[in-house]
Structures are given as C-alpha cells and as structure tokens.
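What follows is one structure encoded as structure tokens, with my remarks underneath.
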Amino acid sequence: MKRKRISTALAQGKREDGRGLMDFRKIVIKKGILEKAEGSAEVWLGDTRVIAGVKVGVGEPYQDTPNQAVLTVNAEFTPIASPTFEPGPPDETSIELARVVDRGIRSSEAIDFEKYCIIPGKAVYVIFIDICILNYAGNLIDASALAALAALQSTKVPKYVAEGGEVKPLDASEPLELRDLPIAVTVGKIDGSLIVDPTADEEDVMGTRFTVTVNQEGNICALQKSGPEGLTLEEIRKAINIALEKAPEIRKLLMES
Amino acid sequence: MSKKKLIVKGVRLDGRKWNELRPIKIEGGVLPNADGSAYLEQGRNRIIVGVFGPRELHPKHLAKPHKAVLRCRYHMAPFSVDPRRSPAPSRRDTELSMVIRNALEPALFLERYPRASIDVFVEILQADGSTRCASITAASVALVDAGIPMRDLVAACSAGKIDSEVVLDLNDIEDKEGEADLPVAYMPKLGKVTLLQMDGMLSPEEFDKALNLALEGCNKIYELQREALKSRYVKQGEGRSAE
Amino acid sequence: MQRKGRGRLRLKRIVLPGEKIGVIEEFLLGEGTYEEEGVIRSQVLGEARLDLERKLAVVRPRTRTPIFPREGSKVVGEVGEVKRQTASVDIFKVDNRLITTPFTGIIHISSVSRGYTRYMSQVVRSGDIVRARVINTKNRIIQLSIMEPEYGVVYAFCSKCGALLELKRTRLSCPNCGRVERRKVSRLYGTEVLE
Chain A
2 MKRKRISTAL AQGKREDGRG LMDFRKIVIK KGILEKAEGS AEVWLGDTRV IAGVKVGVGE
62 PYQDTPNQAV LTVNAEFTPI ASPTFEPGPP DETSIELARV VDRGIRSSEA IDFEKYCIIP
122 GKAVYVIFID ICILNYAGNL IDASALAALA ALQSTKVPKY VAEGGEVKPL DASEPLELRD
182 LPIAVTVGKI DGSLIVDPTA DEEDVMGTRF TVTVNQEGNI CALQKSGPEG LTLEEIRKAI
242 NIALEKAPEI RKLLMES
Chain B
3 MSKKKLIVKG VRLDGRKWNE LRPIKIEGGV LPNADGSAYL EQGRNRIIVG VFGPRELHPK
63 HLAKPHKAVL RCRYHMAPFS VDPRRSPAPS RRDTELSMVI RNALEPALFL ERYPRASIDV
123 FVEILQADGS TRCASITAAS VALVDAGIPM RDLVAACSAG KIDSEVVLDL NDIEDKEGEA
183 DLPVAYMPKL GKVTLLQMDG MLSPEEFDKA LNLALEGCNK IYELQREALK SRYVKQGEGR
243 SAE
Chain C
3 MQRKGRGRLR LKRIVLPGEK IGVIEEFLLG EGTYEEEGVI RSQVLGEARL DLERKLAVVR
63 PRTRTPIFPR EGSKVVGEVG EVKRQTASVD IFKVDNRLIT TPFTGIIHIS SVSRGYTRYM
123 SQVVRSGDIV RARVINTKNR IIQLSIMEPE YGVVYAFCSK CGALLELKRT RLSCPNCGRV
183 ERRKVSRLYG TEVLE
C-alpha cells in the first residue's frame, strides 16, 4: 500500500513530502558541538539526525603500513533512533554504513596518513570516527559521511614528539589537515524512477540503493550498490551524473557551516 | 590525600560555590521517532533520552503477566569520554542501567500495562560527572513527554565531599579526586527518595549535610524539569484560569 | 480563582504528574488522577479540572497518550500464522491510532461466528487484514473476536496469485485469476484506512 502510494507519486514526478526527485531535504550542519572529543559534528538531513565524534590517540601502526596513521570508522544505531532498533552489537547495516563512510575518506586520501606518523613502525596517530545515529528518517549514508567529514574539519590533533624512541605529549594541538572533502550522494531506484536523499518510507520500498562518493576534483572515490534489484548501465551513468551535480552543492554547505 | 586542590579560597575549580549547581539546560521532545524524549546539558554533560512504549515486549518470555517491564539502557558514546571507550557495554553501564531503572520505577504505574515493556534508552554524548543523576532527571522528563502516567517526576542530583568540604553536584574531576560521592534521586511532591548510593567516606554529620544538600539540589532541578515541560506543552501566559 | 459559568463551577490549571489537585473527602477520582494517602494527584501533564458540582477531579492530558489494547478496543492487524483453531494477528492499529511496534493478538475459532466453523482457514488466511474487538486481556495473550458484522477480514489476498480480492455481494473473487475464496468478511471490507 505504501509502495503504491509512493510509486504513483513518483510517476508524476512528485514525492510524498513535496520534494522533487532530485531535491535533498534541509541540511543543517553544526561543527564542534562537544568539548571532550577532538572533533565533533551534528548533521540533520530532514528528520535524520546523526552525531559524529572524532577521538585522536597514539597507538601502534598496522604491520603492513608501519609509517601510516590508523583510521577506524564505527557506526552505531542507537535504540532511540527508531522504534525498530534494538540495542546490541553492530549489525550488518551499521557495519556497511561505517565501511562506506571509511572508504570515501580513505580513497580520496583526505587524510595524509604518512604525515600522522610519529615513530615509524612503533607509534602513529590513531583516529577514531564514531557515528551515532540519533534519529532515523532515511539516507543514513549521506548524513553520516557528511557528519564524519564535518567532525574531521573541526578536529584538533594533540601534538606529540618523538624523544629518544619515546612518544611525549606536548601541551598543544593543531587542526587536522584535510586534503579533500569526499561527499556521498545516495541515489535510490523505485519502479524505474531515480531519486536522491530517500526518506525511511522510500527506503522501505526502494529496489536499489546506490551510493556514489565524489571528491573535490569531481572524481569518484567510492561506490556502493545494495538492494535486491539490478541497475542498467544507463541508470548507473545517470546516478553518477546526479552525484557529480549534487556533491558540489553539499560541499559548499559544508564549507559554509 | 588528593594532589590537586579542588577548592581554592572557597571557590571550586569551575568557579562554583559549595552549594551551587552547574548550569543546566533541559529540553523535552527532541526525537521525532521516540514516543517521548529529552535532551539535557548539565555542565559539560550532554545526554539524550528516548522513551518507547508501552509496547509488546520481545522476547515474550521476559514479559510479566500482571505488569509492564521497565527496561533501561545507559550507554556512553565512544567519544563521550577521554580517552575513547569501546562501544560495548561495560559492567559499570550495566549497574547504572539498573540503578536508573530502580530510581524511575517507583514513579510509574507498571501494573496498568500487563505484558508490555516501557523502554528508556539513555545515550551519553558527553560525560562530565554525575551522569547517573543527570540521566534520571532527563529520563523523567522524557517519560512525561511520552504521556506515560506517573506518580511524580523524579529529580536527581549528587552531593559529595571534596577537599574536606561537603559540596553540591560533583563534576568529573571532583567525582574522581574527591573523598565522597552521594547520588540521590527524589520524587519532590511525594517526598520519597528513589536512589541513594554512596562511594567514599562521610561521617554521620557529613552524610546528613550532604543528603540535605542533594535534596535541595533535586528541588532546584525539579523546577527546571517543570519549566522545560511547560515550555513545550503550555502556551505563554497560560497557567491558571477559570472557565 | 473561581467564577460561575453556565451554572457549573469549575477550576482549571496546568499540572504535572504528582501535583496535588484535591483530597478524597471533597472529590471523586476522575481520568488522569490517582490517590495516595487521601490526596488526589495528577498522573499526567495536563489541564486539571475540578468540577465543583459533580465533585469530580480530572486531568486532561496535554501530551500524547499511550496506545494500549484494552478490553473493548477496536483493533486492526495482519493475520500471521493460521492454525486449525486459532489465528495470530499482528495488531498495528488500536482504537483508530497506528502503532509502530505491533501487539500480538489471537482469534480463537469460538469467536468467529455464531454458527459452527470447522477450520480457522475457512474464515481468515495468513496475510489478510482483519478488524477485531479485544474481548480479553487477562490471559497470556490478547484475545480477539470477529463475530459481529463490523468485524472480520477488511482486506484479503488471493491465495493463488496474491492480488487483492474484490467483494461482490457476499463472495470474494480475484480480479486477476477469477478464483473465489471464503472468509468471515467485515461489512467494512475494503474501506479500512491503513496508514
């Protein structure tokens, strides 16, 4: 029934909340909302509300990348976000969410991992991005990717120095250097219509979800397709073009807030 | 005993006097998907609470035939403390979930909703001492916001002893370095204490003083809960009228 | 603050749970109130009214009110498992209000019609939407009845092709494959609003 209502509206180029197929809901970005995290941000995408916190510490590098900082992205669906969420360990949806956000940041090389190495093979910066979903109203990927990036923009990295093979904290910090701003744009397909920024109801009836992450130069730095239906090559091209068009608009909002 | 002085010339490190609360902000109805919700700031504490229910309890074997089950979950975001903590629940979280439940349960009419659950989910976005009290204060506002019948609101506040002085509303460092911490939850209209714990050492006289101070704090916090709820549900200038 | 209006004396004010409204010597307990040690208090945030004529204290809530099936509630739900004598129902609407987390109810074959029904599957099928009345909540599960004319199946789907069945006089037939099926149909078939 829900499906029928949504797809009838889409066939006429309309959506339930009155938006056009290519319109995002209202985006609000607040940076630096928490004092105890090195970086933080809150993003509203309509009624979807997420918080990202960045914690920076020092730890051991991975053996295969001894001179690179470690980045860990973790997402949690808090049970307050929806009546259908139960508390418990991360499920596949939250793991996928974290990994899509992670891939965008990693493959755009937004963070210079080599710069954040203190003693090669022994001590590097460890950057944790934790995403906390406070209200679920659809399109968590775009909202979370944006919150993660906004939180990184507000991040102050505590300074450490290497002294005789030991790591010593200095009583100082500097802003995290970000070399890129990868923006995720999720396109949904319902009965052959492509839409951006799906609501929870639209996600329920969506056959395919396709996320395209676009960097500052307009290159694609991450893709993720999910959902039971397939996409034609034509639809893939269309979705990528939509993302290429929408990403700069969102990036502009991010830079202005 | 403690290395750092916590009170210098009668003033605490964050500038408060011994009997002063931290700045508190409470807002009701902040989450569209929850049946009731509240956001609270107390000092640097940032807490958001969502309430769901009464609803069917799953798994069903946990349901009670003659009353609802109140379920509370106290959870800290990984970035809420320094250094980052694991998102998995700790033993402390489990205990706090229980004491929060015990502090709220006397205010509820659980017998009205047999086999159901009422779920109170507390998310600590930033922790700065006395979070269990702040969680109870916020949860109580969220329960009223959900329209769940209650005997009274529950207001909670801590008192404690730092640098040999009894003080109100411990912050993080005072909690960690101080000599005693006494969290109290209270139903102000019914005059009943629903949470009382203590950690540390107090003489009977100090305990008396601390308890009274905490109750004074609860009464002040009650007024703030009241204001928050009224600003959400009562039009300006409306208060008392006859028709 | 009181004033006479239309021959009735009333006092009205906004109260929170726990606030005192009156004492049981003077007033009767109305909706939204409870009594403890002789004092009448509010149990919700709302408008407290003291009806001085009827000696009644009530509080009309300003907040949302909980949705909970009680005896006599009219509910709508989706039929789950159908056994020989019972059918389970995931209730998603209680007294005209939609809920997000369904309650489970059960229809027993004795609460289906006044006549004899041999198998439950003759009156409801899994996936049907039924309208029912709560007849008992005291046991382990919410018991439902679809006996009266307004209760029964309000939407049914073809067990062969899945299409929504159409009600023609007293028969349910499939517009797709022409199959005819039996149900205990509500007189409100096809009209219940589900969203």
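Sequence lines, in order, name chains A, B and C. Numbering follows this note's numbering, in which position 202 of the first sequence is assigned residue number 203; successive positions increment by one, without gaps. Numbering follows this note's numbering, in which position 3 of the second sequence is assigned residue number 5; successive positions increment by one, without gaps. Numbering follows this note's numbering, in which position 92 of the third sequence is assigned residue number 94; successive positions increment by one, without gaps. Positions of the beta carbon are idealized from the N, C-alpha and C atoms, including for glycine. Quick caveat, the model's predicted, so the values are computed rather than measured.
Continuous alpha helix (DSSP H) stretch holding residue i: start and end
i: Thr9(A); result: Lys3 to Ala12
i: Lys56(A); result: Segment Thr49 to Gly60 is the beta strand (DSSP E) holding Lys56(A); no alpha helix (DSSP H) there.
i: Glu93(A); result: Glu93 to Ser108
i: Asn242(A); result: Leu234 to Glu257
i: Ile142(A); result: Leu141 to Gln154
i: Leu201(A); result: Note that residue 201(A) is Ala in the sequence shown, not Leu. Element bounds for Ala201(A): Ala201 to Val206.
Limits of the beta strand (DSSP E) - the one that residue i falls within
i: Thr102(C); result: Arg99 to His110
i: Gln227(B); result: It is not in any beta strand (DSSP E) - Gln227(B) instead sits in the alpha helix (DSSP H) that spans Pro206 to Tyr235.
i: Arg64(C); result: Per DSSP, Arg64(C) belongs to no beta strand (DSSP E) and is neither H nor E.
i: Gly71(A); result: The sequence as given places Val at residue 71(A); Gly does not occur at that position. Val71 to Phe78 is the extent of the beta strand (DSSP E) around Val71(A).
i: Trp45(A); result: Gly40 to Leu46
i: Phe211(A); result: Thr209 to Val215
i: Gln87(C); result: Neither: Gln87(C) is in no beta strand (DSSP E) and is coded neither H nor E.
i: Asp183(B); result: Ala182 to Met189
Alpha-carbon to alpha-carbon, residue j and residue i
i: Met122(C); j: Arg72(C); result: 24 Å
i: Ile112(A); j: Ile237(A); result: 28 Å
i: Leu232(A); j: Asp24(A); result: 21 Å
i: Gly129(C); j: Asn178(C); result: 18 Å
i: Ile93(C); j: Val132(C); result: 9 Å
i: Val53(B); j: Ala141(B); result: 8 Å
i: Ser88(B); j: Pro80(B); result: 6 Å
i: Met3(B); j: Lys222(B); result: Note that Met3(B) scores 46 on pLDDT, short of 50, meaning its location in the model is unreliable; the coordinates nonetheless yield the value given after this. So the alpha carbons of these two residues sit roughly 32 Å apart.
i: Arg153(B); j: Thr139(B); result: 15 Å
i: Ser132(B); j: Leu204(B); result: 18 Å
i: Leu226(B); j: Asp84(B); result: 29 Å
i: Ser82(B); j: Gly20(C); result: 34 Å
i: Tyr117(A); j: Val125(A); result: 6 Å
i: Gly139(A); j: Thr212(A); result: 13 Å
i: Tyr188(B); j: Leu177(A); result: 45 Å
i: Phe86(A); j: Asp210(B); result: 44 Å
i: Glu205(C); j: Arg228(B); result: Because chain C here runs from 3 to 197, residue 205(C) falls outside it and cannot be looked at.
i: Leu150(A); j: Thr187(A); result: 16 Å
CB contact check: residue i to chain B, cutoff 9 Å
i: Tyr137(A); result: yes
i: Tyr191(C); result: no
i: Gly34(C); result: yes
i: Glu77(A); result: yes
i: Val25(C); result: no
i: Val55(A); result: yes
i: Ser46(C); result: According to the sequence shown, residue 46(C) is Val rather than Ser. It does: the Cβ of Val46(C) has a partner Cβ on chain B nearer than 9 Å.
i: Lys95(C); result: no
i: Lys37(A); result: yes
i: Gly40(C); result: no
i: Phe129(A); result: yes
Residue i at chain C interface by Cβ criterion, 9 Å
i: Arg50(A); result: no
i: Pro84(A); result: yes
i: Phe54(B); result: yes
i: Arg16(A); result: no
i: Tyr41(B); result: no
i: Arg73(B); result: no
i: Glu58(B); result: yes
i: Lys116(A); result: no
i: Arg267(A); result: The structure shown does not extend to residue 267(A), since chain A is modelled only from 2 to 258, so the question has no answer here.
i: Ile33(B); result: It should be noted that the sequence gives Leu, not Ile, for residue 33(B). Output row for Leu33(B): interface = no.
Per DSSP, cross-strand counterpart(s) of residue i
i: Gly24(C); result: Ile42(C)
i: Ile49(B); result: Leu42(B) and Ile126(B)
i: Glu49(C); result: Ile16(C) and Arg62(C)
i: Gln64(A); result: None; Gln64(A) has no bridge partner.
i: Thr35(C); result: Ser44(C)
i: Gln145(C); result: Ile108(C) and Asn138(C)
i: Ile196(A); result: Gly189(A)
Any chain A beta carbon closer than 9 Å to residue i
i: Arg197(C); result: In the sequence on display, residue 197(C) carries Glu and not Arg. With 9 Å as the cut-off, Glu197(C) counts as an interface residue toward chain A.
i: Phe102(C); result: As written in the sequence, residue 102(C) is Thr, which differs from the Phe given in the question. Closer than 9 Å to some Cβ of chain A, the Cβ of Thr102(C) qualifies, so yes.
i: Phe111(B); result: no
i: Val168(B); result: no
* Asked: What are the complete beta strand (DSSP E) segments, minimum 3 residues, inside the stretch 107-176 of chain B?
  -> 118-128, 157-164 and 167-170
* To do: Taking only runs that begin and end inside the stretch 156-185 of chain C, name each unbroken alpha helix (DSSP H) of 4 or more residues, in chain order.
  => Entirely contained in the stretch 156-185 of chain C, not one alpha helix (DSSP H) run reaches 4 residues.
* **Every unbroken beta strand (DSSP E) inside the stretch 114-143 of chain A [3 residues or more]** => 118-120 and 124-136
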